[in-house]
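Here's the structure we're looking at; comments come further down.
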Amino acid sequence: MTNPPPASGASSGDLVKELTGLRGQVLGISESIIATTDGLLVAADTATVQPESLAALSAASLALGKRSAAEVGLGSLREVVTRCNGGYSVVLAVGEQALLVILGDEGLDLTALRREAPAVVERLGGLLS
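Number 11 in our numbering belongs to position 5 of the sequence shown; there are no gaps in the numbering.
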């Protein structure tokens, strides 16, 4: 798994520990990253994807989702879920400056992810502040 340099205010190990903990709690998670909203990689728990590319693409996806939500007046964006033939990509905002990206296989337990993710996002926000 990839371990990029730590973010200010948090060690890379603490951030990766949150990512691996979430992977252990939710069936189907294969990889995950934390990135800034401008697409820079902060921490990663990955084996097969290029985390820097995923960070940039996911930041764009989150920004587009936020803009779309604002345009149609459905309230604040909760998540961006991309469902593919081989699985899922889920992007969640971590405060105003970061995001969490979860990659999962076709068996990703979205219900469990939606149950566990808010606490993880809150802890990540604290570590990144």
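All C-beta atoms, glycine included, are put in the ideal place defined by N, C-alpha and C.
Should residue 134 go down as buried or exposed, given a rule of 16 or more other Cβ atoms within 10 Å for buried?
buried
For residue 157, does the three-state DSSP call read helix, strand or coil?
This structure gives no information on residue 157, because the portion of the chain shown stretches from 7 to 135.
Just confirm the distance between the C-beta atoms of residue 130 and residue 24, as a whole number of angstroms; I'd bet it's less than 8 Å.
About 6 Å separates the two Cβ atoms, so the contact holds.
What does the alpha-carbon distance come out to for the pair residue 35 and residue 68?
19 Å
Quick one, which of 119, 32, 124, 48 has its alpha-carbon nearest residue 104's?
48
Have a look at 17, 19, 56 and flag the residue whose alpha-carbon is nearest the alpha-carbon of residue 107.
In terms of CA proximity to residue 107, 56 leads the group 17, 19, 56.
Residue 111 and residue 33 - do their beta-carbons sit closer together than 7 Å?
Contact flag unset, no.
Check whether the Cβ atoms of residue 62 and residue 79 sit closer than 7 Å, and answer yes or no.
no
Return the residue from the list 71, 39, 126 that minimises the CA-CA distance to residue 88.
71
Who does residue 87 pair with in a DSSP beta bridge?
96
Quick one: using the 10 Å Cβ neighbour count with 16 as the cut-off for buried, is residue 37 buried or exposed?
buried
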